[in-house]
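Enquirer:
There are 2 protein chains.
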Amino acid sequence: MTEGVPLVIPEVNPHHMAHCKIGKGTIIANPNCSTIIALMAVTPLHKLATVKRMIVSTYQASSGAGASAMEELWEQTRDVVNGKPAAPKIFPVQYAFNLFSHNSDMDLDSGYNEEELKMVKETAKIWDTKDVKITATCIRVPVMRAHAESINLEFEKDITVQEANAALAGFPGVSVIDDRVNNRHPTPLDATNKEDVFVGRVRQDISQASKRGLDLFVCGDQIKKGAALNAVQVAEQLVKNSA
Amino acid sequence: MTEGVPLVIPEVNPHHMAHCKIGKGTIIANPNCSTIIALMAVTPLHKLATVKRMIVSTYQASSGAGASAMEELWEQTRDVVNGKPAAPKIFPVQYAFNLFSHNSDMDLDSGYNEEELKMVKETAKIWDTKDVKITATCIRVPVMRAHAESINLEFEKDITVQEANAALAGFPGVSVIDDRVNNRHPTPLDATNKEDVFVGRVRQDISQASKRGLDLFVCGDQIKKGAALNAVQVAEQLVKNSA
Chain A
907 MTEGVPLVIP
917 EVNPHHMAHC
927 KIGKGTIIAN
937 PNCSTIIALM
947 AVTPLHKLAT
957 VKRMIVSTYQ
967 ASSGAGASAM
977 EELWEQTRDV
987 VNGKPAAPKI
997 FPVQYAFNLF
1007 SHNSDMDLDS
1017 GYNEEELKMV
1027 KETAKIWDTK
1037 DVKITATCIR
1047 VPVMRAHAES
1057 INLEFEKDIT
1067 VQEANAALAG
1077 FPGVSVIDDR
1087 VNNRHPTPLD
1097 ATNKEDVFVG
1107 RVRQDISQAS
1117 KRGLDLFVCG
1127 DQIKKGAALN
1137 AVQVAEQLVK
1147 NSA
Chain B
907 MTEGVPLVIP
917 EVNPHHMAHC
927 KIGKGTIIAN
937 PNCSTIIALM
947 AVTPLHKLAT
957 VKRMIVSTYQ
967 ASSGAGASAM
977 EELWEQTRDV
987 VNGKPAAPKI
997 FPVQYAFNLF
1007 SHNSDMDLDS
1017 GYNEEELKMV
1027 KETAKIWDTK
1037 DVKITATCIR
1047 VPVMRAHAES
1057 INLEFEKDIT
1067 VQEANAALAG
1077 FPGVSVIDDR
1087 VNNRHPTPLD
1097 ATNKEDVFVG
1107 RVRQDISQAS
1117 KRGLDLFVCG
1127 DQIKKGAALN
1137 AVQVAEQLVK
1147 NSA
């Protein structure tokens, strides 16, 4: 951590990293996987109409807890479909055909787990604002390696679905799958082993006045965009900035 | 539909049904499964502090789409763990190790599906109010028969976690599993084949001012509380009222 490089270099979008240059001993903090997957979709909307409040519920894959958690899900599922009891090892409850509150440590006073608090803290850092209000509920689901997130947004200004979809379609690293006629929207398997974050179910939130709210659903590969790919993209951009 | 029995008799809590009596040709409408499971947890809190706005994200089991959907999930999963490709029949995308936007019909104008709109409309009927604002995102997850829901609530008055937990613990048909120290909270398997709705992760929403908000996580058996059991409970209460 030297020569003025901030600890958190959050986005791979070049115009957000113009001030970041690589130096001797530079340490890069890659953002949390749920946070970066959510913000890939929400950042272009934030630029348009400024997010005031964000409510996120996650559907997180086994891969976020490592290779052994992926193995746990796979082996338990194989046992259960073969009529054998599931044998939990890493997680305290059965993972096959089940879901549970995220396994990160819990802040006993607030009742939020670390994954949820990262969403709150890292979003504020990435957007460089103290004005955004965030709450999250992080849940581990029986999916191998791509996270999904249901996101409710409240904006400072009106924003239409058309404006939102145009901004999403034009944002590097985002793909829109939003086919209302055929009810075809992002799934974790769409995102698996892909570099983009997939966004759909974009609609005007009917619980908010005027056009101040949107609901959306996003899926992103936890291993690629949530971790390794993002680190490589951040490093590439830094090298470019420092050339 | 005769003799003044309202079409929707939503709750099995006796004091909500005192006005309902059985008559010749009475037709009872059993509420939607996601709605009744959410409202079992939210109603005691609504009585305490009046819900202004509710934001729900569901994690819905295969059983809600019928026995053939349960079979589809089971067979696809068995194929996938045995190295065979999944063969989608009922749903357009793979169900094994995947999740997707709820399969009910979509309102093309609003982008909400019917399951989500039921949550909005039936809650207003059940609580007999036009003042509650609701949005929902309904997702089908690879779980056999119990639904889970992440619920964010905004109240008219302050409500503490202690008050909420006391109200939940005292409400018939609700069980609280909320162990922050051991991170043990409701899972679909806890609720499977049980009559109660299970509630946990009850915490003060840090995105709202003062103590106006709560987040919680609920699980309920789709077949029991979500359908058959609730119908029996409604009928029993009607018979009792009419004796």
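Chains A and B, in that order, are what the protein sequence lines are.
Plus 906 on top of the position in the first sequence (first one is 1) and you've got the working numbering.
Plus 906 on top of the position in the second sequence (first one is 1) and you've got the working numbering.
Cβ coordinates follow ideal geometry from the N, Cα and C atoms, glycine included.
1. Let me know if residue 1094 of chain B comes out buried or exposed under the rule of 16 or more other beta-carbons within 10 Å of its beta-carbon.
2. Return yes when the Cβ of residue 1006 of chain A is within less than 9 Å of the Cβ of residue 1055 of chain A, no when it is not.
3. Can you find a CB in chain A that lies within less than 9 Å of the CB of residue 1106 of chain B?
4. Thinking C-alpha only, which one of B:1034, B:977, B:1046, B:1052 is nearest residue 952 of chain B?
5. DSSP has residue 1058 of chain A in a bridge; who is on the other side?
6. Can you tell me which of the three DSSP states residue 1000 of chain B falls into?
7. Quick check: what's the CA-CA separation for residue 1091 of chain B versus residue 1084 of chain B?
8. Using 9 Å as the threshold, is the C-beta distance between residue 1047 of chain A and residue 967 of chain A below it?
9. According to DSSP, simplified to helix, strand and coil, what is residue 1130 of chain A?
10. Straight-line CA distance for residue 921 of chain B to residue 1106 of chain B?
11. Say whether the stretch 1017–1037 of chain A touches the stretch 985–993 of chain A, bearing in mind that this needs 3 or more beta-carbon pairs closer than 8 Å, one atom from each stretch.
12. Would you kindly report the start and end of the unbroken beta strand (DSSP E) that includes residue 1112 of chain A?
13. Could you give the residue range of the alpha helix (DSSP H) that holds residue 993 of chain B?
14. Under a three-way DSSP split, which group does residue 967 of chain B fall into?
15. Distance check for residue 964 of chain B and residue 1050 of chain B, CA to CA, integer angstroms please.
16. Determine whether the beta carbon atoms of residue 1060 of chain A and residue 1109 of chain A lie at a separation below 9 Å.
17. Taking a contact to mean a Cβ-Cβ separation below 9 Å, would you say residue 1065 of chain B touches residue 1121 of chain B in this structure?
18. Ordered along the chain, which non-local residues of its own chain (more than five positions away) have a Cβ less than 7 Å from that of residue 1069 of chain A?
19. Rounded to the nearest angstrom, how far is the Cβ of residue 1028 of chain B from that of residue 941 of chain B, given a contact under 8 Å?
20. For residue 1049 of chain B, name the three-state secondary structure that DSSP assigns.
21. Any beta carbon of chain B sitting closer than 9 Å to that of residue 991 of chain A?
22. Is the Cβ of residue 1129 of chain A closer than 9 Å to any Cβ of chain B?
23. With DSSP as the reference, please indicate the residues paired to residue 1077 of chain B in a beta bridge.
24. Am I right that residue 938 of chain B and residue 1031 of chain B are in contact with their C-beta atoms under 8 Å? What's the rounded C-beta distance?
25. Between the C-alpha atoms of residue 1052 of chain A and residue 1125 of chain A, what's the straight-line distance to the nearest angstrom?
26. With DSSP as the reference, label residue 1148 of chain A as helix, strand or coil.
27. Measure from the alpha carbon of residue 1013 of chain B to the alpha carbon of each residue in A:945, A:1087, A:1129, then state which is nearest.
28. In angstroms, rounded to a whole number, what distance separates the CA positions of residue 945 of chain B and residue 1019 of chain B?
29. When you compare only the Cα positions, how much space is there between residue 1146 of chain B and residue 1140 of chain B?
30. My understanding is that residue 997 of chain B touches residue 981 of chain B, with C-beta atoms under 8 Å, so please give their C-beta distance in whole angstroms.
31. If I measure Cβ to Cβ from residue 960 of chain B and keep anything under 6 Å in the same chain, skipping five residues before and after, which residues do I get?
32. In terms of residue numbering, what span does the beta strand (DSSP E) encompassing residue 1041 of chain A cover?
33. Using a Cβ-Cβ distance under 9 Å, would residue 940 of chain A count as near chain B?
34. Would you kindly check if the distance between the Cβ of residue 1103 of chain A and the Cβ of residue 947 of chain A is under 9 Å?
35. Classify residue 1099 of chain A: buried if its beta carbon has 16 or more other beta carbons within 10 angstroms, exposed otherwise.
36. What in chain B is Cβ-close to residue 980 of chain A, meaning under 8 Å?
Expert: Let's see:
1. Buried, because 16 or more other Cβ atoms sit within 10 Å of the Cβ of residue 1094 of chain B.
2. If you check the CB distance, residue 1055 of chain A and residue 1006 of chain A do not come in under 9 Å.
3. Proximity of residue 1106 of chain B to chain A, defined by a Cβ-Cβ separation below 9 Å, is satisfied.
4. Of the candidates B:1034, B:977, B:1046, B:1052, the one whose C-alpha sits nearest the C-alpha of residue 952 of chain B is B:1034.
5. Assignment of beta-bridge partners to residue 1058 of chain A by DSSP yields A:961, A:1121.
6. Residue 1000 of chain B falls in the coil class under three-state DSSP.
7. Cα to Cα, the separation comes out at about 5 Å.
8. Cβ distance < 9 Å, so residue 1047 of chain A and residue 967 of chain A count as in contact.
9. Correct three-state label for residue 1130 of chain A: helix.
10. With a pLDDT of only 45 at residue 921 of chain B, under 50, the local geometry of the prediction cannot be trusted, and no value is derived from it.
11. Touching, no, given that fewer than three Cβ pairs across the two stretches are closer than 8 Å.
12. Annotation for residue 1112 of chain A: no beta strand (DSSP E) segment contains it, and DSSP assigns it neither H nor E.
13. Counting along the chain, residue 993 of chain B falls outside any alpha helix (DSSP H), and DSSP gives it neither H nor E.
14. Residue state, collapsed to three classes: coil.
15. Going by the C-alpha atoms only, they are around 14 Å apart.
16. By the CB criterion at 9 Å, residue 1060 of chain A and residue 1109 of chain A fall outside the cutoff.
17. Not a contact, by the Cβ cut-off of 9 Å.
18. Same-chain partners within the cutoff: 954.
19. Correct: roughly 5 Å between the Cβ atoms.
20. Shown here, residue 1049 of chain B sits in coil according to DSSP, grouped into three states, outside any helix or strand.
21. It does not; no Cβ of chain B falls within 9 Å.
22. Cβ-Cβ to chain B under 9 Å: no for residue 1129 of chain A.
23. By DSSP's assignment, residue 1077 of chain B forms no beta bridge with any residue.
24. Between the beta-carbon of residue 938 of chain B and that of residue 1031 of chain B there is about 11 Å, and that puts the pair past the 8 Å contact cut.
25. Answer to the nearest angstrom: the Cα atoms are 7 Å apart.
26. It is helical.
27. Comparing Cα-Cα distances from residue 1013 of chain B to each of A:945, A:1087, A:1129, the minimum goes to A:1087.
28. Cα-Cα distance, rounded: 19 Å.
29. Residue 1146 of chain B and residue 1140 of chain B: Cα-Cα distance of roughly 10 Å.
30. Going by Cβ atoms, the distance from residue 997 of chain B to residue 981 of chain B rounds to 12 Å, so no, they are not a contact pair.
31. Taking residue 960 of chain B as the centre and dropping the five residues before and after it, the same chain places the C-beta of 1040, 1059 closer than 6 Å to its C-beta, in chain order.
32. In the DSSP annotation of this structure, the continuous segment of the beta strand (DSSP E) that includes residue 1041 of chain A starts and ends at 1039–1043.
33. No, residue 940 of chain A does not count as interfacial toward chain B.
34. At a Cβ-Cβ threshold of 9 Å, residue 947 of chain A and residue 1103 of chain A count as neighbours.
35. Flag for residue 1099 of chain A reads exposed.
36. For residue 980 of chain A, the neighbours in chain B by C-beta distance under 8 Å run, in chain order, 987.
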